[in-house]
Every structure is written in structure tokens, then in C-alpha cells.
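Novice: Supplied in C-alpha cells, the structure appears directly below.
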Amino acid sequence: MTNSRIANIARDRRSGAQLGITSVCTAHPLVIEAALLQGQHEDTDVLIEATCNQVNQEGGYTGMTPADFRRFVGEIAARVGFDTNRLILGGDHLGPNPWKHLPPEEAMSRAAAMVNAYAKAGFTKFHLDTSMGCAGENIALTDEMTAERAAHLAKIADAATDEAGTSPVYVIGTEVPVPGGALESINHLEVTSAEAALKTVDVHRQAFAAAGVSHVFERVVGVVVQPGVEFGNANVVGYDREKARSLSAALSDMPQFIFEAHSTDYQSADALRALVEDGFAILKVGPWLTFALREALYGLDHIAQVLDPTFAEHGLIAAIERLMLSKPDHWQKYYHGNASELRLQRHFSYSDRIRYYWPHAEAEAAVNRLLTMLDGRSIPETLVSQYLGALYPAVLRGQAAPDARSLQLAAVRRVLGLYARACRPTD
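In terms of the numbering used here, the sequence shown has 345 at position 343, counting the first letter as 1, and numbering is strictly consecutive.
Right under this line is the structure:
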């Protein structure tokens, strides 16, 4: 595994190249497969990241440790024939967030154990995020305390990666609102000021020096900032490069760095390209990919019911609705409104909290029923046009086969293709 492409992005930008890389934030096996297939097609490295809540030494909500996640991704790579020398594994928001309800000492001890586990598992990109207060602390910490804790975790990671024989790159800073999308409708965002970005770098540089890891700071390549992009349950705030001009210009005063942009999901192709051109060279995407997969699955569910009207009683959408109502923990705190509004959000929200349900046994059984019903069938082009219209041109051009599995992969790759084109150097 490598991290050379990330390590070289800032250097290449200084020489005039406008390069970027897509950070695929997911644990869904089909989305990971699609990302690896897209990487093969583009002949490029693939960066796949796991978050602190998703994967940690205690299992996270996926039940996977960092070593488990590496094996999981590696097995998919082996199956599709992807060269793992071009695979970059990253850890996102690594810090005390999963344990912030605990006293600071215990939360940071667990965060240190997590970072150690990620490092020993061979991950080579670390986003250190220690900005959140723990029990008894303010919700948000000062820049100095955040940097001090990040330096401590960097020291832990560096010692573990020395043992693993890797030299990871690091990203510092955090973004507002919370990771994964805003909880409500949003109309305006404050872009990170150039002064705040420069201060983040300076404070972290001092903290790393105080911790005796200045040599590790040399491998800090990125800063997470808010360029003014976000999505809520029902709306998306698009990138406005005029509002981010001052922030983008600040990179000239920090030539070691590029910016990492979170929540870039659902941005237009032009906006993604503009982000890369303006130095937001690591583009994180997650919910949009599973949103695209859900669109494909729901379209296939409608197609199945056209091909066999009796399938309606076994339909996927109805099964997922039953599951989400019986186990509301993943959506109930995040969606608001009357019964009709809640149902719409459960299935079609941009935040895509339905993604937490796909690994559930009932959801897997419902998907398997659907795919079994469609197995061996060539889906008529007219039904692709009716229910999966975004994929219709690819089917007509022969770029996607009209079968259920190929259409799912094509739906995810259609989104990844937008990112791939945005991240290419300017001709």
C-alpha cells in the first residue's frame, strides 16, 4: 500500500499541477468494489477511509477493527484484481469522539489505542481530530488544547508505524458542521478564514515540536477546512469560489499543505473541479455513494414488480421501511416532521442514514430476494429508462450491462466518475 499520491499533491501544486484525490468514506462492500473498479479504469490510486466511529479497536458500528477493515478491503481488491500497491487506507476523525462522554484522560487513552491499532494495521493516512470536548469540558476545545492532543496521538501513531515499516501522512483540523452532513436545512455557511487556517497550522507546528515530533509534522500534508460546502436532509449548499478566494490564497503562505474538504457530496461537476483548482485537493465523499446505490436498488425493486407483479408483497422498499421503523436508532434523532415527512426522510434524505441498515440481516435478506428474482435477466432498456434513467445512456453505449449487479456498480461509478474527472490535472 502507498500514500505517495497524497504526499506529492502539495508539491505538484507548487509546480503548477492542479491534482486532487477522492477520499471514499464507506464500509459498504459494493461501493468499495465500485471504487476499486473505477481506480482500475482510471489507472490511479484509490483512497478508502474508515471513520473513528465506524472502525476502531473496539469494533465500531461495523464490528470491524482496523486490521479487520484492511483484510475486508484487501479481499475485495483481490477479487476484482486491483493492485494493492495502489490502495491507500486512511483513518478519518481519529481522536476521542467515540468516547467523548468519558473523562478526558480515559477518552484520550482509548483514542491512543485506536490510533495505535490503525497504524499497526498498515493505514497510511491519518486525519487527527481532537477538537471535541470530553466529559466536563467545553463542547469545543481551544486551538492549543486541540493541537496538543493531536500531537500526542501523532507521537503514538509514529511509534507504531515505525514498527509496521510505514511512513504515513497526516491531516490536521476539523470542519463545521458535524461530519456526515448537517442535521437541518442549511442556507448559509461560514467559510474558514485564511487567518484561522494559518493559525491551525502554526499552533499544531508548535505543539508537535513541544511533543518532540517535529519530524512527524513534516509529513502533515493537509488541513481540514470549511470551503462552504455542506448538505442537509433536503438541500445542498454548493461551492462558491468567490467566498473561498481568501482561504484558497492562504495556501501560498503554507506551501507544505493542501486543504481537505469534507461533505463534498452532491456538488456539481463544475464545483468539484473548482474545489480542486482552488487547492481543496482531498475531496471526501460517502453518503452520495450509498445514496446512488439506494437509488439503483429502489429502481430495481420497481422493475422487479413490473416484471412480476406478485413480487410487490416481497418488495425491498416495504421491507426496509419495516426494518427502519422497528429499529429507529439510526434515524430518529436526526429526522423531524410529521409521519409523511419522516417517511420521506427515512428513504430519500441526502444524509442517507438508510446506509446504516444495509448490513442488517433483514435488509440483506430483502436485497438478496430482489437480486435472486432478477438473476439471469437482461433488464429491458425501456425499464432502465423508466426507473434508472441516469444509467440509461451508459446502457445504450454498452458501458453498463443491463443486469442488476452491473447497474448497481454503474450507479456508484457514475458518481465516482465525477470526482475522477475533477481530480485530473488541467490539460
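Don't be surprised by glycine CBs; every beta carbon is placed ideally from N, CA and C.
Every value quoted in this text rests on a predicted model; they were computed, and no experiment measured them.
1) Per DSSP, residue 134 forms a beta bridge with which residues?
2) Using the three-state DSSP reduction, which class does residue 234 fall into: helix, strand or coil?
3) May I ask you to verify whether the region 32-44 touches the region 10-23, counting CB pairs closer than 8 Å and requiring at least 3?
4) Evaluate contact between the region 281-291 and the region 22-30, counting only Cβ atoms and requiring at least three cross-stretch pairs below 8 Å.
5) Helix, strand or coil, according to DSSP, for residue 242 in the structure here?
6) Contact between the region 148-162 and the region 109-124 is defined here as three or more beta-carbon pairs at a separation below 8 Å; is this criterion met?
7) Taking DSSP's pairing of strands, which residues face residue 27 in a bridge?
8) Could you tell me the distance, in whole angstroms, from the CA atom of residue 39 to the CA atom of residue 82?
9) What residue does the beta strand (DSSP E) around residue 262 start on, and which one ends it?
10) Could you name the residues that DSSP lists as bridge partners for residue 129?
11) What's the C-alpha gap between residue 92 and residue 236?
12) Report all residues from its chain with a CB closer than 6 Å to the CB of residue 66; omit the five preceding and five following residues, and keep chain order.
13) What's the C-alpha gap between residue 327 and residue 97?
14) Here's a check: name, in chain order, each residue in its chain whose Cβ is nearer than 6 Å to the Cβ of residue 254, leaving out the five neighbours to either side.
15) When you compare only the Cα positions, how much space is there between residue 270 and residue 241?
16) Buried or exposed, going by whether 16 or more other CB atoms sit within 10 Å of the CB of residue 401?
17) Quick check: what's the CA-CA separation for residue 73 versus residue 6?
18) Any contact between the region 262-276 and the region 207-220? By contact I mean 3 or more CB pairs, one from each, below 8 Å.
19) To which residues does DSSP link residue 313 through a beta bridge?
20) What number of angstroms, rounded off, separates the C-alpha of residue 355 from the C-alpha of residue 333?
Specialist: Working from what's here:
1) According to DSSP, which records beta bridges pairwise, residue 134 is partnered with 142.
2) It is coil, neither helix nor strand.
3) Contact between the region 32-44 and the region 10-23 is absent: fewer than three C-beta pairs spanning the two stretches fall below 8 Å.
4) By the Cβ rule, the region 281-291 counts as touching the region 22-30, because three or more pairs are nearer than 8 Å.
5) The answer is coil: DSSP assigns residue 242 none of H, G, I, E or B.
6) The region 148-162 makes contact with the region 109-124; the number of CB pairs closer than 8 Å reaches 3 or more.
7) DSSP lists 51 as partners of residue 27.
8) The straight-line gap separating the alpha-carbon atoms of residue 39 and residue 82 is approximately 7 Å.
9) Segment 260-263, the beta strand (DSSP E) holding residue 262.
10) Bridge partners of residue 129: 173.
11) In a straight line, the C-alpha of residue 92 is about 29 Å away from that of residue 236.
12) Short of 6 Å from the beta carbon of residue 66, and not among the five residues preceding or following it, lie these beta carbons of its own chain, in chain order: 57.
13) Rounded to whole angstroms, the separation of the alpha carbons of residue 97 and residue 327 is 32 Å.
14) Cβ within range, chain order: n/a, list empty.
15) Here the C-alpha atom of residue 270 lies approximately 9 Å from the C-alpha atom of residue 241.
16) Per the 10 Å Cβ criterion, exposed.
17) Near 21 Å, if we compare the C-alpha coordinates of residue 6 and residue 73.
18) In this structure the region 262-276 does not lie against the region 207-220, because fewer than three pairs of beta carbons, one per stretch, are closer than 8 Å.
19) In the DSSP output, where bridge partners are listed per residue, residue 313 has none listed.
20) Cα to Cα, the separation comes out at about 6 Å.
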